[in-house]
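Written out below as structure tokens is the structure these notes cover.
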Amino acid sequence: MASMTHDDNSDADSDLEELRGDIAKFDESVREFLASHESSRDTHAYDRPTRGGRGSRGPRKAAKPRGDITARLSRVNQAFLAGEYNRALELVSEVIRINAETFQAWTALAAIFREQGELDRALAAMMYAAHLRPKDIGGWMSCASYALDNVGGSEEANLKTARLCFSAALRADPHNVEARLGKASVCHEQGHYAQAILEYNYILRQRPVDLDIVRKLAETCVDNKDNPPATASAKMAYRRFFDHVIPDGPGDRFEGLWYDIGIYIDFCASSGSYRETIKELKALARWMVGRAAEAYWDELQDDDREWDIDSKRRRQIVDFTESLFSPSLYGELLPLDLRMRLAILRLRLLEKNEAMIHLQLLDPSAQATRDFVAEFPTVAYDLAEELLKNSVSDIATHIFETFRETSDTPDPTILLQLGRCYILAGEQSKAEECFLAAIDADQDSIDARIELANVYEQAKEGEEALILTAEAMALQDAQSHQAGHGRMETAGRSSSHQEQSRRRISQNDQSATKVDPNKQSRVPRRYRPKRLAGADALRQDEQTRAIKLSKQYDIVRDLKLRISQGQLDLIGEWMNASRDLVDDFRSLKRFYSWDKYLHFLRKKPTSIPMTSRAPDSELSKMYERLTRSLAPQADSGMTGTQQGMHQGISFDNWLNIFLDYAIGLAENQQREEAYQVCEAAKDSVVFRASNHEFLIYIAWSVCAIYTNDEERCVAIARYLMRDGVMSDANRMFALLSRLCQSPVSWYTSGPAQKFILRQIRSIDNSYEGLFSTKFDSSEAGEPTFLKIDMDVCLLMLYGHILFTSTSYTYAISYFLRARSLDPTNPMINLSLGLAYVHYGLKRQSTNRQYLLLQGQAFISQYFEAGEGPGARPLPERYYNTGRLFQLLGLSQLASNLYCKAIAANDVESNDVESRNTDIDTLVAINNFMSYLAVGNKSAAFSLLKRKLVL
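If you're matching positions, the sequence shown starts at 1 in the UniProt record's numbering and goes up one per residue.
Now the structure itself:
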């Protein structure tokens with residue numbers, strides 16, 4: 001029997017299943033009969049209808065599965081236990097198809113999916129099963145736990161599912177504490193702090209002495225610090241807890257309660273009631289050590305002598321009895337973090353002397369101090385900040401230095417505060433070092449720039465101070481626009497920035513304080529030498545920087561070479577290395593004039609509107625003051641830049657780095673950044689040679705083509721044409737307009753036409769004046785001849801612009817002027833022929849026959865140009881002539897010429913690689929359209945099948 005297959009089992013059990021099904025049907029009929037009988041009896045007894053015989057007692061109980069369903073479920077269990085999950089899945093799917101409300105089927109389906117590793121589908125099956133039994137709290141809790149443990153799915157989706165399950169469990173039993181705690185925890189992780197606080201408060205109304213829940217509520221309120229009512233909620237929860245447990249004896253029976261007292265004190269201090277907070281702190285500390293009986297200390301709040309290490313000041317109190325409690329229960333048992341909180345509160349009350357008594361226990365060189373800073377970073381930071389405000393710079397400096405030493409990465413906030421400490425101590429060079437490090441760690445640091453600008457202004461380094469001020473103003477404009485609430489006040493400190501820093505420190509997580517070094521800043525990175533350092537230090541920094549730039553340049557060259565060899569995966573690395581070099585070059589003021597450099601620093605992106613700054617702001621006043629003081633030296637940075645080298649790299653190579661980097665940005669569709677790099681190269685005083693300018697505009701045009709900026713393409717082409725007539729510049733205008741995938745309107749626009757026409761007129765006027773002078777100076781009766789050296793490309797360009805805008809009459813006149821200068825040029829004859837034919841096909845043409853014949857005459861001259869100078873290949877001439885006849889509706893002649901074009905192309909092509917495939921493609925397209933025009937769809941379809949390549 002054990003070796004029987006599933007098919008054998010199915011045949012053997014078929015009769016049993018049928019019998020069970022019949023028994024189930026019989027049982028169901030019996031239940032229906034009894035239910036109807038009881039329903040009829042209840043109706044007579046109460047004289048009102050009932051629902052299912054259950055009255056108002058809730059939903060009816062789920063019916064027992066039929067016999068055939070039960071049998072199928074049994075086979076599902078057998079297959080599952082045998083490890084045949086695919087067969088079990090087929091069987092359970094059949095059960096669900098028969099009756100989708102079978103609870104056991106969905107639970108079995110969830111188990112199968114779990115075993116197969118399909119966790120999301122298992123969770124969905126569990127959810128459906130739970131909906132079938134909505135009053136089953138265990139089912140909902142199992143779904144919620146499974147969703148939270150599901151590491152394979154989306155965390156956000158799992159949290160949402162878990163929250164729905166906890167809510168469903170609470171609908172079934174509103175007093176279920178486990179479900180409410182789970183919902184509160186999920187709401188906290190989702191960032192819905194208000195809902196989490198609401199759930200914790202609901203539980204605490206029933207269990208106010210549950211310290212774990214109070215702690216969870218406090219943690220949620222700390223994360224929701226922006227909401228003052230949330231802080232009040234945690235404060236009240238702690239207060240209720242203390243009111244319940246204080247009468248029962250000292251608090252040493254609660255593990256870790258000292259830490260909770262510190263959190264409660266922070267909540268109390270956040271309201272600004274510092275004296276009440278001091279009273280609460282000392283009272284709770286007294287209760288913790290077992291001296292709650294000494295309530296008289298609550299009346300003495302002018303000082304903290306109760307917690308002095310010695311009893312000298314305590315003996316001065318009449319109610320104090322020295323023998324009542326051990327001396328160790330007074331000063332030594334108060335934790336250091338609570339003592340430092342007392343010092344902070346006293347400093348905020350401007351009671352500096354009392355605070356210094358507490359600070360005597362804080363030895364900056366002791367390991368206990370380092371441990372305190374590491375364990376309570378928020379308290380240590382607040383203490384150092386208050387000491388700085390009260391001009392106690394030595395202790396504050398030691399605390400911030402400890403932060404700096406224990407941090408894995410530079411923290412810009414700590415460096416900023418440390419720099420302020422050194423300013424207060426008169427150590428300007430150390431302050432400069434800290435501010436520079438803060439800017440390097442956070443490129444968007446406004447406060448560090450303001451502080452450093454003040455230091456430089458006092459040190460008579462007005463040039464660098466002005467640059468820093470301009471950067472700070474640009475950053476404030478960008479941040480105020482991003483915040484969406486107008487201008488920010490330009491005080492020395494930003495309160496929002498300080499609050500964000502305090503939050504990072506309060507998390508006691510070094511990763512939270514990291515700043516992405518690759519983050520794009522509003523102000524570019526630049527080399528900032530230490531202005532206040534000694535000459536030897538400056539020389540050493542310059543040498544180090546030169547070596548670094550040289551190595552960076554070697555890296556850029558090597559990466560570019562490897563990319564040209566096909567290693568395209570190195571493009572990102574090459575872009576980053578090039579960006580560092582470009583930013584370093586752009587940051588040097590001596591390569592730019594003052595107005596260009598300051599404009600570059602304060603230039604606003606197009607997304608930031610121009611805002612009017614308050615004239616009385618501190619930063620604006622500093623900017624205006626420094627600008628006035630440096631106005632006479634505005635162009636001093638232009639001298640000493642013609643040596644041809646910078647850090648061992650020639651200016652030609654620097655320009656290549658600029659232009660390559662700009663084109664790379666354009667390929668990544670970073671249009672604004674690419675244009676800024678091109679503009680920075682154009683504005684530099686070292687790239688003023690004609691060849692430099694030409695290369696810059698060529699690269700700029702390439703960027704415009706990559707980003708499909710047709711307006712910029714036309715503008716650059718016009719700029720290249722502005723300095724007189726040059727054939728290459730005229731061709732460049734047509735080429736850029738052709739390469740940019742844009743409407744033809746930019747090519748034929750009014751400004752472009754006027755610009756080129758002005759050039760033609762200026763040349764004409766110059767020749768007219770020259771001709772008039774020669775005629776007047778000639779002798780009577782002696783003819784004067786003047787050879788006009790007009791650029792044919794300029795006339796042809798203007799003619800094609802008019803041709804494209806369908807102004808054929810005017811286009812023909814300029815084509816004829818060009819033909820008079822170069823009568824054998826085949827392209828001029830082709831353009832004239834096409835212009836006459838198009839003009840003849842217009843509805844307004846007066847002498848259509850003449851125009852068409854004239855066009856054919858010029859086309860004939862184009863075709864018969866032969867092998868002379870400038871002659872076009874024979875296949876091309878056949879094709880263009882055939883295209884003209886097709887345009888006139890002479891498809892037979894066009895077809896013959898197309899065949900000759902292909903034959904000529906075959907003769908001229910020695911191999912497949914040298915063959916002009918464009919001719920073949922164009923001929924096929926035109927033949928296809930000719931077949932469609934005459935209605936020969938079968939021939940068109942046959943041609944399409946032969947030529948179409950997928």
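By construction, the Cβ of each residue, glycine as well, lies at the ideal position given by its N, Cα and C atoms.
Three or more beta-carbon pairs separated by less than 8 angstroms are not found between the stretch 871 to 878 and the stretch 848 to 855, which leaves the two stretches without contact.
Relative to Leu217, the option among Gln206, Tyr193, Asn227 and Pro228 whose CA is nearest is Tyr193. Minimum Cα-Cα distance from Glu156 among the listed residues Gly138, His188 and Gln417 corresponds to His188. A distance of 7 angstroms or more separates the beta carbons of Arg207 and Val186. Measuring C-alpha to C-alpha distances from Arg883 to each of Leu830, Leu932, Glu864 and Asn730 identifies Leu830 as the nearest. Distance from the CA of Leu349 to the CA of Ala535, rounded to the nearest whole angstrom, comes to 46 angstroms.
Of the residues Ala729, Leu475, Leu695 and Thr804, the one whose Cα lies closest to the Cα of Ser749 is Thr804. Ranked by how close their Cα comes to the Cα of Gln753, the residues Leu739, Asp728, Met796 and Ser727 have Met796 in first place. In this chain, the alpha helix (DSSP H) harbouring Phe694 covers Ser690 to Tyr706.
Across the structure, Lys551 and Leu581 are spaced so that their CA atoms are roughly 11 angstroms apart. Ala811 and Ser845 have their alpha carbons spaced roughly 15 angstroms apart. Under the three-state reduction of DSSP output, Met732 falls in the helix class. For the set Val556, Leu659, Thr824 and Ala470, the Cα lying nearest the Cα of Lys596 is the one of Ala470. The beta-bridge partner set that DSSP reports for Met645 consists of Ser650. Asn176 sits in coil when the DSSP states are folded into three classes, being neither helix nor strand. Counting the other Cβ atoms within 10 Å of the Cβ of Pro377 gives 16 or more, which makes it buried.
With at least 16 other beta carbons inside 10 angstroms of its own, Gly664 counts as buried. With fewer than 16 other CB atoms across the displayed protein chains lying within 10 angstroms of its CB, Gly83 is exposed. Around Glu573, the same chain offers Leu559 as residues with beta carbons nearer than 8 angstroms, after the five sequence neighbours per side are excluded. Taken in chain order, the complete alpha helix (DSSP H) segments of 4 or more residues contained in the stretch 105 to 184 are 119 to 132, 137 to 149 and 155 to 172. In the displayed model, Ser271 falls within coil according to three-state DSSP, outside both helix and strand. Leu324 and Lys225 have their C-alpha atoms some 43 angstroms from each other. Within the same chain, Cβ atoms closer than 6 angstroms to the Cβ of Ile423 are found at Ala431, the five residues on either side in sequence being excluded. Just so you know, the alpha carbons of Ser629 and Trp594 end up roughly 13 angstroms apart. It is roughly 19 angstroms from the alpha-carbon of Asp920 to the alpha-carbon of Leu932.
Around the beta carbon of Val934, fewer than 16 other beta carbons lie within 10 angstroms, which makes this residue exposed. By the neighbour-count definition (other C-beta atoms within 10 Å, threshold 16), Phe254 is an exposed residue.
In the three-state DSSP reduction, Gly83 falls in the coil class, being neither helix nor strand.
One alpha carbon belongs to His838, the other to Ile698, and they sit about 35 angstroms apart.
Here the C-alpha atom of Asp408 lies approximately 34 angstroms from the C-alpha atom of Gly272.
DSSP, reduced to helix, strand and coil, places Asp442 outside both helices and strands of the structure shown, so it counts as coil.
Collapsing the DSSP output to three states places Met790 in coil.
In the three-state reduction of the DSSP assignment, Ile571 falls in the helix class, which pools H, G and I. Just measuring C-alpha positions, the residue of Arg843, Tyr878 and Tyr836 sitting nearest Phe858 is Tyr836. Annotation for Phe320: Arg314 place their beta carbon closer than 7 angstroms to its own, counting only its chain and skipping 5 residues before and after.
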